[in-house]
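A.B. asks: There's a structure below that I have some questions on.
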Amino acid sequence: MKTFKGYTLITLLCIMICTGCAKSASEQVEDTCLRFLKGRIDLRSNDSLQLKAVTSDSLYELFMLHHSYEQLLDAPIVKADLNLSVKSVKIQEDCATCEMNGPDYYTIQVCKDDDGWKVQGENNMYPNAERIAIAKAKIATYKEQLKLKPLRDSLLLLVNKFHPRVKEYFTNKDLEPLRPICDEATLNFIQKFYAYTKERTGLNVIHEEMKKPDFLVGDYYNDNGYTEFKYYNEDITLVLSKDSDHNFVISGFNGLKSDAIDDAIMKGQYLDLLRALKLIRKPQYRNKDIR
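Just so we're aligned, residue 17 is where the sequence shown starts under the working numbering, counting upward by one.
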């Protein structure tokens, strides 16, 4: 009887020990998940120590890449609320999942290694070579865009000056506003093209077309040995070159320098040249008498 009681006591003790161990593991997992969220919050203040201590190397690298990208952005970013509590912990062998309390479904995956529990992923999404490469490429691309931004801004400013001044010339033949932003060949072409348009279509028709709303966007390219401003979804461009003072000016249209646009080209590409000058709208919207 004593022996039976002894075995029973030992069995109960083992159960209590095992239960205590399970609770201890659950508490460790919960603590790791909460420290992970605290680390993410700290990272917003450029403190990465907590995050590094509780994440796998690859996940830490991915978070640091995302953080680096966010710091490059010149705009406010809406931050997720990370002040969450643990709703439940599920342990399976050496890995576990914390389901967090919050407005959205959110889980944290952790696994045990020699250094204790480490966060491996979120919502069953894990870092890999492809995700890390994409994050690095995103940073490199944006840095290149930042480097080119001053040039892009100056070219867009030039284009935005050019179009209304061309319309002004076609309204009152005042060439002076165009002189600072066009080379001599382009000024000559515009005068010549004005006379041809007057003869071919008539200025009244062009003037009415010019009054219609026409939203145009584009970007600059260096595809043909020239710097060109290309209209989105159109094969229409403005050729841009530097003058003697190293300032960009308008020097051609649709891949051609202005001095290369002869009478035959002007006649054959008449509509495209009108479009390049933004005197007419896209084909589906423009006056059908313009042809």
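Positions of the beta carbon are idealized from the N, C-alpha and C atoms, including for glycine. Keep in mind that this is a model prediction, so the values were computed, not measured.
(1) Which partner residues does cysteine 114 have in the DSSP bridge list?
(2) Would you identify the three-state DSSP class for threonine 157, choosing helix, strand or coil?
(3) Measuring CB to CB, does isoleucine 281 end up less than 8 Å from isoleucine 296?
(4) With a threshold of 8 Å on Cβ separation, who are the neighbours of asparagine 303 within its own chain once the five nearest residues in sequence on each side are excluded?
(5) Using a Cβ-Cβ cutoff of less than 8 Å, which residues in the same chain neighbour threonine 27 once the five nearest sequence positions on both sides are dropped?
(6) Go to glutamate 224, then tell me how far its alpha helix (DSSP H) extends in each direction, as first and last residue.
(7) Between the stretch 148 to 164 and the stretch 80 to 90, do at least 3 Cβ pairs fall closer than 8 Å?
(8) Which residues bound the alpha helix (DSSP H) around leucine 75?
(9) State the Cα-Cα distance for the pair asparagine 188 and tyrosine 286, rounded to the nearest angstrom.
(10) Which same chain residues end up closer than 7 Å to glycine 284 when comparing Cβ atoms and leaving out the 5 residues on each side of it in sequence?
(11) Valine 233 lies in the alpha helix (DSSP H); which residues open and close that run?
(12) In the DSSP assignment, find the alpha helix (DSSP H) that holds tyrosine 212 and state where it starts and stops.
(13) Mark proline 166 as exposed unless 16 or more other C-beta atoms lie within 10 angstroms of its C-beta, in which case mark it buried.
(14) To the nearest angstrom, how far is the alpha carbon of aspartate 129 from that of isoleucine 148?
(15) Taking the beta carbon of aspartate 199 as the centre, do at least 16 other beta carbons fall within 10 Å, making it buried, or is it exposed?
(16) Taking the Cβ atom as the reference point for each residue, do serine 64 and valine 105 lie within a distance shorter than 8 Å?
(17) In whole angstroms, what separates the C-alpha of proline 143 from that of serine 72?
(18) Which of helix, strand or coil does DSSP assign to leucine 256?
(19) Just tell me which of Lys208, Leu256, Leu59 has its CA closest to the CA of phenylalanine 178.
(20) Report the start-end ranges of each alpha helix (DSSP H) in the stretch 135 to 189 that is 4 residues or longer and not cut off at the edges.
(21) Output needed for asparagine 238: all residues of its chain with C-beta closer than 8 Å, excluding positions within five of it in sequence on either side, in chain order.
C.D. replies: If we stick to the structure as given:
(1) Val105, Ile124
(2) helix
(3) no
(4) Val221, Glu224, Glu225, Ile296
(5) In this prediction, threonine 27 has a pLDDT of 49, which is less than 50 and means its spatial position is unreliable; what the coordinates show is noted afterwards. Answer for threonine 27: no residue qualifies.
(6) 219 to 226
(7) yes
(8) 73 to 88
(9) 21 Å
(10) none
(11) Counting along the chain, valine 233 falls outside any alpha helix (DSSP H), and DSSP gives it neither H nor E.
(12) 200 to 216
(13) exposed
(14) 22 Å
(15) buried
(16) no
(17) 9 Å
(18) strand
(19) Leu256
(20) 145 to 188
(21) Glu244
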